[in-house]
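What follows is a single structure, written as structure tokens, with notes after it.
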Amino acid sequence: MKYILKKKFFLILLASVLAAGGCGKNPEDQAAEKAGKQIEKAVRTVQDYKAETGGHDFQAAIEEVEKAREYAEKAGGKAEQVHLLAGRLYQAKAEKLSDKLNTISLEAGSVIEDAGDKLSKLSEYASDMEMVKMLSETGTSEKQKLQKLLEEKSGIEAKISEKKDLLSSIESKINEYKSEVENVKSSLVKIKSETVNLFNKAELKSGDKRAELEDKAFSIIRGKASGKSQFSLESQMQKLMDKLEPLKAEKESIENLLSMLKNDAEEVRNRIDFLKNMDSELGFSEQLSYLGGLIEKGRAYVTDKAGKLDSVVEGFSARASEIEKIYSDAMQAYSEVKGNLSSDAAVQKAQVQSSLVSLRNTQAEFFGSVSKSLNNLRTLQQQEAAVLPEALISKCEEKLNQAESKIDAAFDKSFELYQNALDAAETNSGKDAAARGYMRQIYSRLKLAEERGGNEQLKEELLKKLDSIKDYSIKNDPQFGTSYLAGLFKEYGIDFKTAQQKLMEKYENAKVAFSQVSGMEKQDRLDRLMYLIEEFDKLDKPEDQQAYQDIVKSIFELHKEDWIELSEDAANSENLELFSDYLAQETQSAAETQIEKGAGEAAAEEEGMAGGEPNMP
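Residue numbers (mature numbering (1 follows the signal peptide of the UniProt record, and there is no 0)): -19 to -1, 1 to 598.
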């Protein structure tokens, strides 16, 4: 995961601090040495993965580093790495906690789904109650009304069919969840078996082999091999069990209601057959009482879920505030880094602010989703079953507004810190790293503006920022224009090619143009070649002279005979100057060929005379 810091990074920092401390006797060296030893403890702590406590103990490592920072304050700038490490650890802890926000979001979604299902049922019960009330008030003495009660679309028979279908659906869900429970149990047993076996084997090994076996076991626990971790499977098991219980209760309720509906249907049929002039009740009071009980239970269930959701919302807010505080601690640690490491710290501060922007967006998405879902549920509930607390809906909408109001300021601060990092960077690679982070933030801000409906002025300002920093990355990496990050801005018409890359593209296009004249009539071809060579000669010369010469040579070779013929006309000499060396070589080669041919003919003549035979004309 992204928050697991590399051991190599820790060891480099550790070595640099220990080297700074050395074996000196003065107080600064002693303080630096103590800081180094304290970091060594932090390294051991954070590298010790504990599955039972959820992985790396960043908090314990942070406590060790905070002690090291106390020594670093007395080290006179010889232990600045301590502050950098502290910032990294705070970042790692915040990122680990940020992952849990997703778990909270899923929990909120599950609670809302359960409440929504129950509200749908409450609406059905309320409709049923209205129907029963109406029939009870109308009277049961009239055969026609009783017949309608049985046969109309919303009648008893239709209700029986509907409840049967619903019961079948619920039974299917119960069986499905039971099957999933068994599958999850099987997966957990398998994980337990495999990891116990690996840990047992690891106990018998040492060194790299032991670490390999333990890593393999932890990989299985984290689900890297199967795709699901032990924690996620246990969480899935609990969710399935939580879903089964309400379904079982609902099944029982529907079975009871179905039984009553069947009884009612039978009673109606009997009454139709046997009752002529009697005005009697058909047992609707019992149905009203039963439906009233279902509604009360449903209201209590939804009220409980609303309370649970309120707790989840508060838990999300508390966790987000905790993460924000930890990012603030990381900022503070990076701010204390001085000297040669200050440029690294500047980039890290900008990255922390980027994470804060993401946190703001996550908050807005969470509260926006919950608010929207609650408002949708509010439309489901009828007056008799209105149980969703308006205070909860208002709270979520207020938190949404608060989160959205902070996003723009978070982006602005992010831009400021990335600009500071660019200014502080002393190397091309350092400026490139800062520029890439800056560009990612600009892209995120552009997308947010589009989601809000578009803002052309803001878009123009952001693209100006992009134009002012993109050359840092292009300069450090000439192939940056082909990167994924550069590709994100294609829709905005941004070109990340260097001037030389653009120039070489023109030369490549020129080569294509020269190749397209081959099939033309001779005079048309010669005229076209002279036009193209004039245009070619107008292009700026590239920095890469070898590439330029290769292109010139390829163009010459492509139409060699035509260029030789054109060079015989003195009027073309200026335009064909770039081919002068190749033309000279061809002229010399032709002359040498002619000389060799003449020498061959002379030798043949002498040979003929020596043989006593006259040479033939």
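Just so you know, even glycine gets a beta-carbon here, dropped at the ideal spot from N, CA and C.
In this text, all values refer to a predicted model and were calculated from it rather than measured experimentally.
Cut-off 8 angstroms between Cβ atoms - residues of its own chain near residue i, not counting five sequence neighbours on either side
i    : result
V92  : K286, K289, L290 and V293
L520 : L484, K487, Y488 and A491
S213 : G204
L557 : I514, W544, L547, S548 and L564
N356 : I374
L239 : I141, K144, K145 and L148
E231 : K102 and I151
R359 : L369 and I374
E567 : K541 and I545
Of the listed residues the options, nearest to residue i (C-alpha basis)
i    : options                   : result
L444 : S302, D476 and A281       : D476
K446 : R426, W544 and Q530       : R426
L169 : S454, Q211 and T84        : Q211
A89  : I141, V177, Q334 and C377 : C377
A414 : G208, Q329 and E555       : Q329
G474 : D95, G462 and L429        : G462
Y465 : K278, E277 and R421       : R421
A311 : K451, Q566, S386 and R69  : R69
S449 : Q438, K428, E472 and Y419 : Y419
E472 : G349, K428 and K353       : K428
K197 : L185, G208 and L179       : L179
V493 : T284, A96, H540 and K77   : H540
F347 : K380, L185 and Q332       : K380
A67  : E133, S561 and Y308       : Y308
D80  : T343, K171, Q497 and S270 : T343
Nearest-angstrom beta carbon gap, residue j and residue i [assumed within contact, 8 angstroms]
i    : j    : result
L82  : A301 : 7 angstroms
I304 : A75  : 5 angstroms
L361 : S101 : 6 angstroms
A405 : A467 : Actually they do not touch by this definition, with Cβ atoms about 24 angstroms apart.
Q62  : L322 : 7 angstroms
L398 : Q334 : 5 angstroms
L103 : I276 : 6 angstroms
A201 : E175 : Just to set this straight, residue 201 is Ile in the shown sequence, not Ala. Right, their Cβ atoms sit about 5 angstroms apart.
Y158 : K224 : 6 angstroms
Rounded separation between residue i and residue j - CA only
i           : j    : result
K190        : A183 : 8 angstroms
S298        : S216 : 22 angstroms
N237        : A372 : 35 angstroms
R433        : E247 : 59 angstroms
residue 657 : R280 : A query on residue 657 cannot be resolved here, the shown segment of the chain reaching from -19 to 598 and no further.
L272        : L147 : 17 angstroms
L228        : K144 : 14 angstroms
S149        : E105 : 17 angstroms
E163        : I85  : 25 angstroms
D98         : N436 : 40 angstroms
E111        : Q268 : 11 angstroms
Y424        : Q460 : 20 angstroms
A430        : E441 : 12 angstroms
M222        : S324 : 53 angstroms
N457        : R417 : 11 angstroms
L194        : K173 : 15 angstroms
Y30         : F470 : In this predicted model, Y30 has a pLDDT of only 44, less than 50, meaning its place in the structure is not dependable; the value taken from the coordinates is given anyway. Those two C-alpha atoms are separated by around 40 angstroms.
L403        : K306 : 26 angstroms
E542        : R506 : 12 angstroms
V368        : K394 : 43 angstroms
G320        : G411 : 15 angstroms
V165        : M218 : 6 angstroms
K278        : S354 : 22 angstroms
M501        : R509 : 9 angstroms
E233        : S167 : 29 angstroms
A345        : E226 : 33 angstroms
I455        : Q481 : 11 angstroms
S153        : D95  : 17 angstroms
Q383        : N181 : 52 angstroms
E407        : Y453 : 12 angstroms
Interface flag, residue i vs chain B, CB-CB below 7 angstroms
i    : result
L179 : Annotation note: the requested chain B is absent from the structure, which comprises a single protein chain.
beta-carbon residue i near the ligand FAD non-hydrogen atom, thresh 6 angstroms
i    : result
A183 : In terms of ligand content, the structure shown is empty, and the ligand FAD therefore cannot be addressed.
7 angstroms CB neighbourhood of residue i in its chain, flanking five on each side removed
i    : result
I137 : L130, L131, L242, D245, A246 and V249
G296 : I85
Y529 : K522 and P523
K478 : G462
L559 : D518 and V533
Proximal residues to residue i (C-beta, below 6 angstroms), its chain only, five neighbours per side dropped
i    : result
I536 : F495
H64  : A314, E317 and V318
N401 : A327
A391 : L337, V338 and R341
D550 : none
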